[in-house]
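*Asks:* The sequence shown: position 88 = 87 (numbering that gives the first Met the number 0), numbered continuously.
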Amino acid sequence: MSTFPIPEGIRVGRSQNPWTFVVDTLRLTRRSLLLAVRMPQLIILGLLLPTMFVLLFRYVFGGAIIVPGYHSYVDYLIPGIVVQTALFGGSSSAVGVADDLSKGATDRFRSLPTSRGAILAARTLADLVRLAYTIALIIGLGLLVGFRFHNGWLQVLAGAGLALLFGYAVSWFFTLLGLFVRSAETAAVAGSVIAFPLVFAASTFTATASMPHWLRAFADRQPVSYTANAIRALMLGTGPVQRPALYAVAWSCGIIVVSATLATWRFKKI
Numbered sequence: 000m001s002t003f004p005i006p007e008g009i010r011v012g013r014s015q016n017p018w019t020f021v022v023d024t025l026r027l028t029r030r031s032l033l034l035a036v037r038m039p040q041l042i043i044l045g046l047l048l049p050t051m052f053v054l055l056f057r058y059v060f061g062g063a064i065i066v067p068g069y070h071s072y073v074d075y076l077i078p079g080i081v082v083q084t085a086l087f088g089g090s091s092s093a094v095g096v097a098d099d100l101s102k103g104a105t106d107r108f109r110s111l112p113t114s115r116g117a118i119l120a121a122r123t124l125a126d127l128v129r130l131a132y133t134i135a136l137i138i139g140l141g142l143l144v145g146f147r148f149h150n151g152w153l154q155v156l157a158g159a160g161l162a163l164l165f166g167y168a169v170s171w172f173f174t175l176l177g178l179f180v181r182s183a184e185t186a187a188v189a190g191s192v193i194a195f196p197l198v199f200a201a202s203t204f205t206a207t208a209s210m211p212h213w214l215r216a217f218a219d220r221q222p223v224s225y226t227a228n229a230i231r232a233l234m235l236g237t238g239p240v241q242r243p244a245l246y247a248v249a250w251s252c253g254i255i256v257v258s259a260t261l262a263t264w265r266f267k268k269i
C-alpha cells in the first residue's frame, strides 16, 4: 500500500479553477486530519504541553505572580496560554511541511493536476482545525482551575476568534519556514527558537511593566502581547478593547498576506 495515498476526489485531467482549489483544499485537509488521527500520540503530546503550562503557572508560580487589575492570576493566565498554544501549534506547520518535502509526499501531489495553492492551504487549514479543539480544551481546563468569563458570550467568542486568526497567521509563517529549511529536525529547532522568545518576551504570563525598559519596548509592540491583551479585554472586560484588538487583527492579517505570498512563491521554486 502506498505511504501517501491520493485523497479521494483528486483526479488526473481536471481543469484548474476556483472550485478545484476549494475541493482540493478540503480533500487534502481531510488527509492531514486523518494522518493526525492515526497518530494519537502526537495529539496527546500536543495537548500535554499547554496542559502542563496551565497547571505549572496556576499552582507553582501563580501564588508568586501578582498582576495589577486582576483579582485572580488564573484569569490573566488562561488567555496567555491560549495565545501560546496558537503560536506553538502554528510552529508544527514548519515540521509538517518539511516532513512532506523530505519524504516525497509533496512531489507526488505536485505531479498531479492538483491546485498548487491547495497543498499549502490545506496544511494551514488542518492546523486551524486542530488548534480549535486545543483551545477548547485549554479553556475547559481553565474553568476547572478557577478561570471565569466576565463578559458576554459574543465577546468570549470574539476572543476565541482572535486566537484562531492569530494561530492561522503563524501557521502560514511557519509553513514558509518549513519550505526554506526542508528538514523536519531543523524546522523543529527553528520553530522553537522563534516561538519561545515571542511567548516569554510578551504579556503572556505576566505584565510587561515588570520588564526592563528595552525589553518592554519590544514586548508591548509584538503580536503575542496585542493578541493576549485583546483576548483578555474581550473575555474578562479588563481594559480597552479597540486598540489591542485592531493591532492584533492587523498583525495577523499582515502575517497571512506576506507569509502566504512568499510561501506560494517559494513553493513554485522548489
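Even glycine gets a Cβ: it sits at the ideal position worked out from N, Cα and C.
1) Within a Cβ cutoff of 7 Å, which residues of the same chain sit near Thr-205, ignoring the five residues on either side of it in sequence?
2) Assuming Ser-348 and Phe-20 are in contact, meaning their beta carbons sit under 8 Å apart, how far apart are those beta carbons, in whole angstroms?
3) In chain order, what are the residue ranges of uninterrupted beta strand (DSSP E) at least 3 long that sit wholly in the stretch 33-65?
4) Let me know the alpha helix (DSSP H) ranges lying completely inside the stretch 83-143, each 4 residues or longer, listed in chain order.
5) Find the nearest neighbour of Phe-173 within the set Val-59, Phe-146, Ala-120, Thr-207, judged by alpha-carbon distance.
6) Classify Pro-239 as helix, strand or coil using the three-state DSSP reduction.
7) Taking a contact to mean a Cβ-Cβ separation below 8 Å, would you say Val-180 touches Ala-189 in this structure?
8) Output needed for Gly-236: all residues of its chain with C-beta closer than 8 Å, excluding positions within five of it in sequence on either side, in chain order.
9) Using three-state DSSP, classify Phe-3 as helix, strand or coil.
10) For a test of the three-state rule: what should DSSP assign to Leu-261, helix, strand or coil?
11) Give the single residue among Pro-222, Leu-130, Trp-18, Phe-60 whose Cα lies nearest to the Cα of Ile-42.
*Replies:* Considering the structure as presented:
1) Numbered from its first residue, the sequence shown carries residue 205 at position 206. Ile-64, Val-66.
2) Outside the shown range of the chain, which is 0 to 269, sits residue 348, and nothing can be said about it.
3) Qualifying beta strand (DSSP E) stretches: none in this window.
4) 104-109, 115-143
5) By one-based count along the sequence shown, residue 173 stands at place 174. Of the candidates Val-59, Phe-146, Ala-120, Thr-207, the one whose C-alpha sits nearest the C-alpha of Phe-173 is Ala-120.
6) Within the sequence shown, residue 239 is the residue found at index 240, counting from 1. DSSP places Pro-239 in coil when its eight states are reduced to three.
7) Translated into the one-based positions of the sequence shown, residue 180 becomes position 181. Translated into the one-based positions of the sequence shown, residue 189 becomes position 190. Yes, they are a contact pair.
8) As a position in the sequence shown, residue 236 is number 237, starting the count at 1. Excluding positions up to five away in sequence, the list reads His-149, Asn-150, Gln-154.
9) Start at 1 with the first residue of the sequence shown, and residue 3 comes out as number 4. Because the pLDDT of Phe-3 is 46, which lies under 50, any placement of that residue in the model is unreliable, and the number read from its coordinates should be weighed accordingly. If DSSP states are grouped into helix, strand and coil, Phe-3 belongs with coil.
10) Along the sequence shown, one-based indexing puts residue 261 at 262. In the structure shown, Leu-261 sits in a helix (DSSP, three-state: H, G or I).
11) As a working note, residue 42 is residue 43 in the sequence shown. When only C-alpha atoms are compared, the closest one is Leu-130.
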